[in-house]
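Remarks on the structure that follows.
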Amino acid sequence: MSEANSQLETVRATLTKRIAQNDVDIPLLPEVAQKVLGLTQDAGSDASQLATVIQSDPTLAAHILRIANSPAYSPNGNISSLQQAVSRLGMIVLAEVAIAASVNATLFHAPGFEKRIQQIWRDSLLTGLWSKEAARACRRNVDTAFLCGLLHNIGRPMLLQWVTNGESVLNETDTLELEEALFLEANRAMVQAWQLPDIVLQGITQYPMEVKTMPEIAVLVRAGRMLCQWSAAPDSELSEHPDYKSIVTVLNLYPDTVANIKMQYNDVHATLEVMRG
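Residue numbering for the sequence shown follows my numbering, beginning at 2 and increasing consecutively.
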């Protein structure tokens, strides 16, 4: 074994052990995101309570007003208050925007990998938006699908932070290899530390498995990921994706339903750019 490979295996073994022992630093879930998630899981909550939580964070409130006035949500751009934004966006979309704005790339610090982390978050947000469209087509819970899609790669930037904050001697190639090898373990550690629901754990730790063996929420995330990849080249045939047949079979999607999902391309990408802000 070469010295470089030996170093990679040593770091991998050390990190694997530390993750298993909960001996890693994990950023706190932002308070606003905690409260928003709590409200979305409470059947008795309403949009006014959500608005109250958002108002406690002026930066977030301003961000949501900007989104509410964007062409994607308000062609006339005449929303001047958070209450109007609540009425226009609705509770589900408002919660999605708040969570995406609170849980983002700024949570992580990995010198030298800033562009990589930004790319991870762009793809994660896009996967969340497409997972929501797949869930809508299947008449499943769209906010859970969005959350799982958004967080499905949360462990990747966390791993980059762990490696670069230590005294690692790994080069960029080995660091990215480590990210690929351990991100599922990091996903699990993040979800458990943030005390997110079990369905989120299912959605973001099992989606790389064989489609037919996954829980449904993980299949929806896999569908979102497939659509995210397809949307990078929308003139390509989605049916040629290696997961296509398994996904449409498990989710019972008919060709016309898939066609309708694909027709959301412009809206999804417009929402992506607005939410990235």
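Where is the CB? At the ideal position from N, CA and C, for every residue including glycine.
None of the values given here were measured: they were computed from a predicted structure.
Practice task
Measure the alpha-carbon distance for residue 261 versus residue 201 and round it to whole angstroms.
Solution key: 26 Å
| Going by other Cβ atoms of all chains shown within 10 Å of its Cβ, with 16 needed for buried, is residue 70 buried or exposed? | buried
- Which residues mark the beginning and the end of the alpha helix (DSSP H) in which residue 191 is found? 173-195
Review point. Between the segment 30-38 and the segment 98-114, do at least 3 Cβ pairs fall closer than 8 Å?
Key: yes
Residue 116 burial status per 10 Å Cβ neighbour count (16 or more: buried):
exposed
**Request:** Would you decide whether residue 227 is buried or exposed? Buried here means 16 or more other CB atoms lie within 10 Å of its CB.
**Result:** buried
Item checked: CB of residue 242 within 8 Å of CB of residue 162, strictly -> no
Query raised in the report: If you drop the 5 nearest sequence neighbours on each side, which residues of the same chain put their C-beta closer than 8 Å to that of residue 80?
Result: 66, 69, 70, 86, 89
Limits of the alpha helix (DSSP H) - the one that residue 214 falls within
It is not in any alpha helix (DSSP H) - residue 214 carries neither H nor E in the DSSP assignment.
In the structure shown, what three-state DSSP assignment does residue 47 receive? coil
- Query: Tell me which same chain residues have a C-beta within less than 6 Å of the C-beta of residue 112, skipping the five on either side of it?
  - Reply: 165
- Message: Need the endpoints of the alpha helix (DSSP H) that residue 89 sits in, please.
- Response: 83-103
Let me check understanding here. Comparing Cα to Cα, which of 181, 105, 51 lies closest to residue 84? 51
Worksheet item: Using DSSP with H/G/I as helix, E/B as strand and the rest coil, what is residue 274?
Response: helix
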